[in-house]
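Residue numbers (our numbering): 8 to 628.
Positions of the beta carbon are idealized from the N, C-alpha and C atoms, including for glycine.
Treat the numbers as computed from the prediction; the structure is a model and nothing was measured.
Heads up, the thing below is written out as structure tokens.
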Ligand SMILES: Cc1cc2nc3c(=O)[nH]c(=O)nc-3n(C[C@H](O)[C@H](O)[C@H](O)COP(=O)(O)OP(=O)(O)OC[C@H]3O[C@@H](n4cnc5c(N)ncnc54)[C@H](O)[C@@H]3O)c2cc1C
């Protein structure tokens, strides 16, 4: 029996990483928003690695922070160990990764949702999405509560028709023993959405008291900690460590001997898994020549003995998991607190969505996160933000927010999903961007804060702070360009120490800074008029000076890209009526419905000659 539970502007199904950002963004834009989750104690759950960030993922968190999203702040409030990955390489691939206290992260996010004005958090299972004239009009919960809404974001994660698989055990379940979401899946199919089955997996959790750490390599956090959020000012502390250990031939033998009991190899798993997060059994099969694989023991929280064994994801039977675990040095007596498992779930084909993440089939329906075919907390959070903002903008009758791939990793991720689609859980990587050097994590504020401010998503005070930061950067670079330093014994001593060519006459400060062997702080003793500048300004100055040529080249590429993006294509174009287009191109263009010539050019199966035909069709001479 249904009952009327109220009118809201927006419904968000799911309080995982995507749902949280979607609901907060819409509520902060003034929309009356209701957010549903199957279990309130699993808001912001980290069902897999207790970590935020990583290669490419750190960029997403920083970009989301620049746009006013929540994850960056929550990570700085709840993380217990910080490491900047790839520090030995160029700044384009520097990526922040931090261990999060899982329980604190959940409590923090739940509290943020509970306090947010215009936002109503509910423990309820949505079973149906209602439509009127083909557009979203409401949602219904398992207890018969009917909510009238103008739009709905689906951020149902790994719960849609999900099954958990451990050896011979295959049970309908969500992650961590939470219930699966079946009725909603049935409703989505009836609405005509194309769903497919994906899979992901997680390793066992071990009790720290049963580990012999003396046989492992300690992995400490960085001395100098960079926060995720550009607005975090208080210094952050490392409060925990990780450990590194390895599998060995004994481990591999046990796995090989039990592949016939592996759901990955006996056909019981049909969902497609992430290529870049393989299970240990897949690694043993795929890299048979490797004598050992790295495993990281990661703390799950300060008040917990639980350790996450990264690199040991599996769906092998529990008895085999115990056996293979006890072959690892230091884990001979390890106690499993939670066994490893695989989970299969339904998700949408993201080419059914526009770059606003709105469905092409059902106006007012938006998709975000794992539901869109991606994998990862960070990938989910940025999609949630974009879906929530766009649902709100549509309700407010305002222009949509489309983040383009020339603006950063969020734009790249969404464009990859909605234009190229994905046949496996999509994970962000720095190699996915054509403009890596420009899209660094350290300048996400410069690239995205003006956009967020123009949509009212960050404050005037915030944008003023960002503008001032980059004014200081420009001013300092200008000063260095006009500032010379005389050749001196002290200077040449420094240069020799750094195996850098000595100078016989005066040199421009900026030219010295361009040398890879020298850093901004090295030149301070020779730079008498140097102003005192914040650390992040000095960092920007150094990067901009050192990579000036490369950056200019990428900016040129972006200008060319932006031209093609600016060439808009009407979404109701009848591609089958355009003679000269090849059949495959007509089919693909009709399916994807690109918004621009640029996007059309990125669709696989659309050739440059098809683009030429389209340009003529648009009247371009
Ligand atoms: C076992 C496992 C292993 C993973 N391994 C990896 C990995 O190795 N690497 C990686 O990058 N990512 C991994 N992930 C993925 C990662 O957890 C997700 O990418 C991330 O949590 C997705 O966020 P989300 O917001 O899309 O969905 P989720 O975090 O899954 O949240 C979904 C939310 O939807 C709610 N919900 C679902 N259906 C309904 C309904 N009908 N009504 C109301 N609420 C509903 C749930 O209660 C929950 O709040 C793994 C996930 C799992 C479960």
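Could you tell me the distance, in whole angstroms, from the CA atom of residue i to the CA atom of residue j?
i	j	result
residue 285	residue 294	11 angstroms
residue 594	residue 621	14 angstroms
residue 203	residue 287	24 angstroms
residue 378	residue 355	6 angstroms
residue 415	residue 443	9 angstroms
residue 27	residue 473	25 angstroms
residue 185	residue 46	8 angstroms
residue 264	residue 170	25 angstroms
residue 329	residue 321	12 angstroms
residue 614	residue 592	8 angstroms
residue 217	residue 250	14 angstroms
residue 82	residue 431	27 angstroms
residue 429	residue 503	52 angstroms
residue 402	residue 123	20 angstroms
residue 199	residue 359	11 angstroms
residue 596	residue 367	13 angstroms
residue 439	residue 327	37 angstroms
residue 448	residue 67	8 angstroms
residue 549	residue 574	36 angstroms
residue 278	residue 259	24 angstroms
residue 222	residue 454	45 angstroms
residue 16	residue 365	16 angstroms
Which residues does DSSP pair with residue i in a beta bridge?
i	result
residue 173	176
residue 630	No information on residue 630 is available, as it lies outside the stretch 8 to 628 that the chain covers here.
residue 353	204
residue 226	249
residue 89	105
residue 476	BP columns for residue 476 are empty, so no partner.
residue 159	18 and 372
residue 603	575
residue 13	154
residue 214	313
residue 221	According to DSSP, which records beta bridges pairwise, residue 221 is partnered with nothing at all.
residue 381	433
So for residue i, helix, strand or coil by DSSP?
i	result
residue 499	helix
residue 331	helix
residue 461	helix
residue 628	Unreliable positioning characterises residue 628 in this predicted model, as indicated by a pLDDT of 49, which lies under 50. The coordinate reading is nonetheless provided below. Three-state DSSP puts residue 628 in coil, outside helix and strand.
residue 149	coil
residue 18	strand
residue 135	strand
residue 140	coil
residue 50	coil
residue 68	helix
residue 62	coil
residue 358	helix
residue 244	coil
residue 276	coil
residue 233	coil
residue 365	strand
residue 283	coil
residue 585	coil
residue 613	coil
residue 166	coil
residue 344	strand
Taking only heavy atoms of ligand 2 into account, decide whether any of them is closer than 7 angstroms to the Cβ of residue i.
i	result
residue 307	With respect to small molecules bound, the structure shown includes ligand 1 and not ligand 2.
Just curious, the alpha helix (DSSP H) that residue i is in, first and last residue?
i	result
residue 293	287-293
residue 397	384-402
residue 420	416-422
residue 257	256-264
residue 427	Looking at the DSSP string, residue 427 is not in any alpha helix (DSSP H), and its letter there is neither H nor E.
residue 129	Not the alpha helix (DSSP H): residue 129 falls in the beta strand (DSSP E), residues 126-130.
residue 542	542-553
residue 521	516-521
Looking at the secondary structure, which residues open and close the beta strand (DSSP E) in which residue i lies?
i	result
residue 43	40-44
residue 186	Unbroken run through residue 186: none, as it is neither H nor E.
Within 8 angstroms of any Cβ in chain D, is that where the Cβ of residue i sits?
i	result
residue 248	As a matter of chain content, chain D is missing from the structure shown, which is built from one protein chain.
Given 8 angstroms as the limit, is there contact between the segment 387-403 and the segment 368-377, that is, 3 or more CB pairs closer than that?
-> Enough Cβ pairs lie closer than 8 angstroms, so yes.
Would you check if the segment 512-520 and the segment 408-425 touch, i.e. whether three or more CB-CB distances between them fall below 8 angstroms?
-> In short, these stretches do not touch, since the Cβ pair count stays below three.
Cβ contact check for the segment 65-84 and the segment 150-162: 3 or more pairs under 8 angstroms = No, they do not touch.
Give a yes or no on contact between the segment 387-394 and the segment 17-32, applying the rule of three or more CB pairs nearer than 8 angstroms.
-> Output reads yes: the segment 17-32 touches the segment 387-394.
contact_flag[the segment 207-214, the segment 339-348] where n(CB pairs < 8 angstroms) is 3 or more = With the rule of 3 Cβ pairs closer than 8 angstroms, the segment 207-214 counts as touching the segment 339-348.
contact_flag[the segment 94-106, the segment 463-481] where n(CB pairs < 8 angstroms) is 3 or more | Short answer: they don't touch.
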